[in-house]
Amino acid sequence: MITPDNFIASKAAEAVKALYGADIDTAALQVQVTRKEFEGDYTLVVFPLLKVSRKNPEATGTEIGEWLKSNTGEIDGYNVIKGFLNISFSNVYWNRLFAGIVAAGDGFGRLPSTGRTVMVEFSSPNTNKPLHLGHIRNILLGWSVSRLLEANGHDVMKVNLVNDRGIHICKSMLAWLKTGNGETPESSGKKGDHLVGDYYVAYSNMYKAQVEELMKGGMSKEDAEKNAPVQKEAQEMLRKWEQGDEETVALWKKMNSWVYDGFDKTYDALGITFDRTYYESQTYLLGKALVQKGLEMGIFEKDPDGTVWCDLTSDGLDRKLLLRGDGTSVYMTQDLGTAEQRFSEYNLDEHIYVVGNEQNYHFQVLKLILKKLGFAWADNIHHLSYGMVELPEGKMKSREGTVVDADDLLEKMYTTAKETSSELGKIDNMDAEAQDKLFRMISLGALKYFIIKVDPKKTMLFDPKESIDFNGNTGPFIQYTHARIRSILRKAAERGLKTDKSVLSDDMPLSAKEVRLVKLINQYPAKIAEGGEAYSPAVIANYAYELAKEFNQYYHDTPILREEDERLLKFRLVLIDTVADVLVKAMDILGISLPDRM
RNA sequence: GGCCCCAUAGCUCAACUGAAUAGAGCAUUUGACUACGGAUCAAAAGGUUACAGGUUUGAAUCCUGUUGGGGUCACCA
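Below, the structure written as structure tokens:
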């Protein structure tokens, strides 16, 4: 698709060739949207061209501007300020551009299929505690990046890897056995993941008490931590689990199933699904064969105590453990194994891991070891490293009880949405079910937008004392804009005015604001590409906000239904309908729905 | 201590990867015709882009150093 900026770039390259006889790469030409304080649509920065023109910036700009004006039908004006050539397109040009967008319909902004298969792993929770705000960022990011990559033409597979085994689960199980009295989600009325999480906390309390007791008896802190009875019991339980002890495995299955029920409810509330869920209990043995292979290749080494290591010191990193002395594997081992399994099973072109930036080192090592093992696809692993969500007092710490629980937060958002809507009183005639659906939509819109609008790489701050905003640069602002457009279109329909594409024509007189809207709408596919390249749904969020804001400005000083010229009125209906469509598309990528009224 | 990341308005975030006077929202102050939906719009005020050098016609952006913050270097995952 030819966009105005690459149109200018290619024409400017022709101009340079004609005027100065130089061949210049269009990629080297800088074309940007003209800043509002200047006249023009797009701006060519002429500084880089001075070497070939051998003239001053003003003269160079003027010559190129003049050439463009007389050699293209699309460009009908220009001005030069300092080293900037501001170019204006004709009214006909904008009309045709807009007609092209309207004609593209649903396909607008959906890039052609690349045939590439991309796996995105995200969420990846432990089964010993409920999901919190940090998980929410992970989940929303994983979901929206997946949607964004789909819009970029890839086949995307969304997967979850549940950490369902290990000492931490045994701790919850142990505490439940000791103090639970057979409590279940049904008997307690608690959501399963919260119930199990409570026993994890109960374990920690028992453990702390025992350590203190031992220290009072004169034991050092270190020894006390190692010798606390519950700690030993938990380790014993893990051993039993690994040996397949029937009772232990049965309890493990039961408690994990409670957790899954709980997680499913949260995923459901967030509108998230996966194409496949992996369980570590089924993958933790993977990778051992690769360790053997590495030993044979001479890139790993075995110490006298039986441990296996990969020495990365020559790469500026440390020695990395791959097998314990007893031959059991560690986190890295199974990650090596699962990567190999997935790439071969699904013939992946790319694998994205949505994992916090605290694991940057882990993924650096993972890729490096896979490369040493000779896997060319190691380069197609991408760690989508995102920043932590911090509270005003710093990091969330489960031990200190400062985590923001996902379910609590969702409920709180729902209440706020309900209160706000009720105060405004515009939906009083909606039935209860529709209202519930709407409150859900708005609260999710606010939460999701709040999280996604921030550049994934950056640490972000959440203040539980200040509720997430519903005004300004927010999800509800965009939802409101959409509801407003739909309202106008409804009223038009009541008057028998349907949005009719046939009114579009080359000579429709466009106002400056209308041109701005067309320009912005036209940027959408480029934003999809840009966001996809950067793995950043934030690009799409900020774009949607800009478009909504631009529409609201337009709306305020342009009559639509009150316009007397029927041709203009009909054109405007098509225009705002297109704005609404693009907003829906953009927000859909973020997993945010837009209501018709609110 | 080694390595990695970060620092932009009082607060939360942008800035097309080097361009014009660094932009939005919140909070503050002020204004908007009986409203095509006021969860909106317009305006004011708010900045030495942590600091010091350097490269460049041009730096929040690239390089070096300093300060402050975070992460990581587990027989945890």
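Counting with the numbering used here, you get residues 521 to 1118 for the letters of the first sequence.
Even glycine gets a Cβ: it sits at the ideal position worked out from N, Cα and C.
Cut-off 6 angstroms between Cβ atoms - residues of its own chain near I819, not counting five sequence neighbours on either side: Here the set comprises K892.
Tell me which residues share the same chain as L734 and place their Cβ nearer than 8 angstroms to its Cβ, disregarding the 5 neighbours each side in the sequence. D743, A744, N747 and A748
Pull up the distance between the alpha-carbon of K917 and that of T1078, whole angstroms please. If you take the alpha carbons of K917 and T1078, they lie about 52 angstroms apart.
Count the other C-beta atoms from every protein chain shown that fall within 10 angstroms of the C-beta of R862, then say buried if there are 16 or more, exposed otherwise. buried
Per-residue DSSP class, three states only, for M677: strand
Identity of the residue in S1113, L868, D831 and A809 nearest G847 by Cα: A809
Compare the C-alpha of K774 against each of W696, K822 and G1051 and name the closest. W696
Count the other CB atoms, across all protein chains shown, that sit within 10 Å of the CB of I687; report buried if there are 16 or more and exposed otherwise. Per the 10 Å Cβ criterion, exposed.
Supposed close pair T853, G807 - CB separation, criterion 8 angstroms: 4 angstroms
Mind listing, in chain order, the continuous beta strand (DSSP E) runs of no fewer than 3 residues lying wholly within the region 568 to 649? 595 to 601, 604 to 609 and 637 to 641
Please confirm whether any heavy atom of the ligand GTP lies closer than 7 angstroms to the CB of I607. Of the ligands one can find in the structure shown there are none, so the ligand GTP has no counterpart to examine.
Contact the region 1089 to 1109 vs the region 1018 to 1038: 3+ CB pairs below 8 angstroms: Of all C-beta pairs linking the region 1089 to 1109 to the region 1018 to 1038, three or more are shorter than 8 angstroms, placing the two stretches in contact.
Are there three or more Cβ pairs, one per stretch, closer than 8 angstroms when the region 1062 to 1076 is compared with the region 1029 to 1044? yes
Can you tell which of I872, R1082 and I962 has its C-alpha closest to the C-alpha of G662? I872
Output the boundary residues of the alpha helix (DSSP H) element that contains Q999. G995 to E1014
Among G826, T827 and L886, which one has its Cα closest to the Cα of L837? L886
Segment contact, 8 angstroms Cβ cut-off, at least three pairs: the region 697 to 712 with the region 679 to 686: no
At the level of alpha carbons, what is the spacing between A1046 and F628? 11 angstroms
Counting Cβ pairs, one atom from each stretch, are 3 or more of them under 8 angstroms apart for the region 916 to 931 and the region 892 to 901? no
Excluding the five sequence neighbours on either side, which residues of its own chain have a C-beta within less than 6 angstroms of the C-beta of K711, listed in chain order? G782
Taking DSSP as the reference, what is the three-state secondary structure of I901? strand
Quick check on the DSSP output: the beta strand (DSSP E) that includes E767 runs from which residue to which? It is not in any beta strand (DSSP E) - E767 instead sits in the alpha helix (DSSP H) that spans E766 to L790.
Which residues does DSSP list as the beta-bridge partners of F1071? F1071 is not bridged to any residue.
At 4 residues or longer, and completely inside the region 831 to 861: list those alpha helix (DSSP H) runs for me, N to C. Counting only runs of 4 or more, we get nothing.
Give the DSSP-derived three-state secondary structure of M980 in the structure shown. strand
Determine the direct distance from the alpha carbon of G965 to that of I1113, and round the result to whole angstroms. Reading the sequence as shown, one finds Ser at residue 1113 and not Ile. Between S1113 and G965, the C-alpha separation is close to 7 angstroms.
Collapsed DSSP secondary structure at V551 in the structure displayed: strand
From G845 to A1064, what does the alpha carbon distance come to, in whole angstroms? 54 angstroms
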